[in-house]
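Q: Please see the structure below; I have some questions.
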Amino acid sequence: MKLLSKIRNSKNLGERDAARSAGIARATLRSLEAEPRSSRPDILDQVLHLYSRQAILALVPIEPAASEQSIVAISIAVVNQGFESWKIYLMDFVDEFRRSLDARLVLLPPVKALDPRLRALMASTTAALCAESGIDVPEWARPSYFLDEPWFLSGMESLKAMAIIESPVEFRRNNIFVHDNFLQRA
24 MKLLSKIRNS KNLGERDAAR SAGIARATLR SLEAEPRSSR PDILDQVLHL
74 YSRQAILALV PIEPAASEQS IVAISIAVVN QGFESWKIYL MDFVDEFRRS
124 LDARLVLLPP VKALDPRLRA LMASTTAALC AESGIDVPEW ARPSYFLDEP
174 WFLSGMESLK AMAIIESPVE FRRNNIFVHD NFLQRA
């Protein structure tokens, strides 16, 4: 049984009632439930609205994602390798995201076992990269991960004022302060 059929059944809707409520023919509903990707977007939206759902379009590369570079994968690696390893893993993620523009890399959030500062940093980085590339920010990266104490990534007292001025909003909203070149690579 396909997903849309399961959703319809969970709402206790028969084919006839669902088709009538969506303003489409039963044959169209059957076709949509069998293969949603082959349906017209407006018809899919009508049916999904009836089911209290929405379709989110994601433009992803045809080739498989570099899943070892995804946010969830790098967060696991950092938990296993230790706090200081974030610099390598996060910047490798930045490179892969910019190279591929693959929304699948940010689909899942960092693991809960990750230090809260790094969860906030990964959410901020994801939001900044998505804004830069025009990709929708994933749900998990939208809420604030505001840290109790400000975190200045440079660690140098003399650079704090500059970091406050230069930090992109995606970082400032989580009480993280970076320089404007933080996401730049040589």
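Here the sequence shown is numbered in my numbering, starting from 24 and rising by one per residue.
All residues carry an ideal CB built from backbone N, CA and C; glycine is no exception.
Just so we're clear, the structure is a prediction, and the values are computed from it rather than from any experiment.
1) Taking the alpha carbon of Phe205 as the point to measure from, which residue in Met114, Glu86, Arg39 and Ala96 has its own alpha carbon closest?
2) Around the Cβ of Ser61, are there at least 16 other Cβ atoms within 10 angstroms (buried) or fewer (exposed)?
3) Are there 16 or more other CB atoms within 10 angstroms of the CB of Met24, so buried, or fewer, so exposed?
4) With a Cβ-Cβ cutoff of 9 Å, do Val129 and Ile79 count as a contact?
5) Roughly how many angstroms lie between the CA atoms of Arg195 and Ile187, to the nearest whole one?
6) Where Ala143 and Ser156 are concerned, what is the direct C-alpha to C-alpha distance, given to the nearest angstrom?
7) Mind reading off the beta-carbon distance from Ala88 to Arg127? Whole number of angstroms is fine, and I expect it under 8 Å.
8) Take the Cβ of Ile111 as the centre, count every other Cβ of all protein chains shown within 10 Å, and call the residue buried at 16 or more, exposed below.
9) Which of the three DSSP states, helix, strand or coil, is assigned to Ile158?
A: Put simply:
1) Nearest to Phe205 by alpha-carbon distance, out of Met114, Glu86, Arg39 and Ala96, is Met114.
2) It is exposed - the Cβ of Ser61 has fewer than 16 other Cβ atoms within 10 Å.
3) Any answer about Met24 is weak, because its pLDDT of 44 lies below 50 and its placement is not dependable; what the coordinates show is given next. Classification for Met24: exposed.
4) The criterion of a C-beta distance shorter than 9 Å is not satisfied by Val129 and Ile79.
5) C-alpha separation (whole angstroms): 8 Å.
6) Ala143 and Ser156: Cα-Cα distance of roughly 20 Å.
7) Their Cβ separation, rounded to whole angstroms, is 4 Å, which keeps Ala88 and Arg127 in contact under 8 Å.
8) With fewer than 16 Cβ atoms within 10 Å of its Cβ, Ile111 is classed as exposed.
9) When DSSP states are grouped into helix, strand and coil, Ile158 belongs to the coil group.
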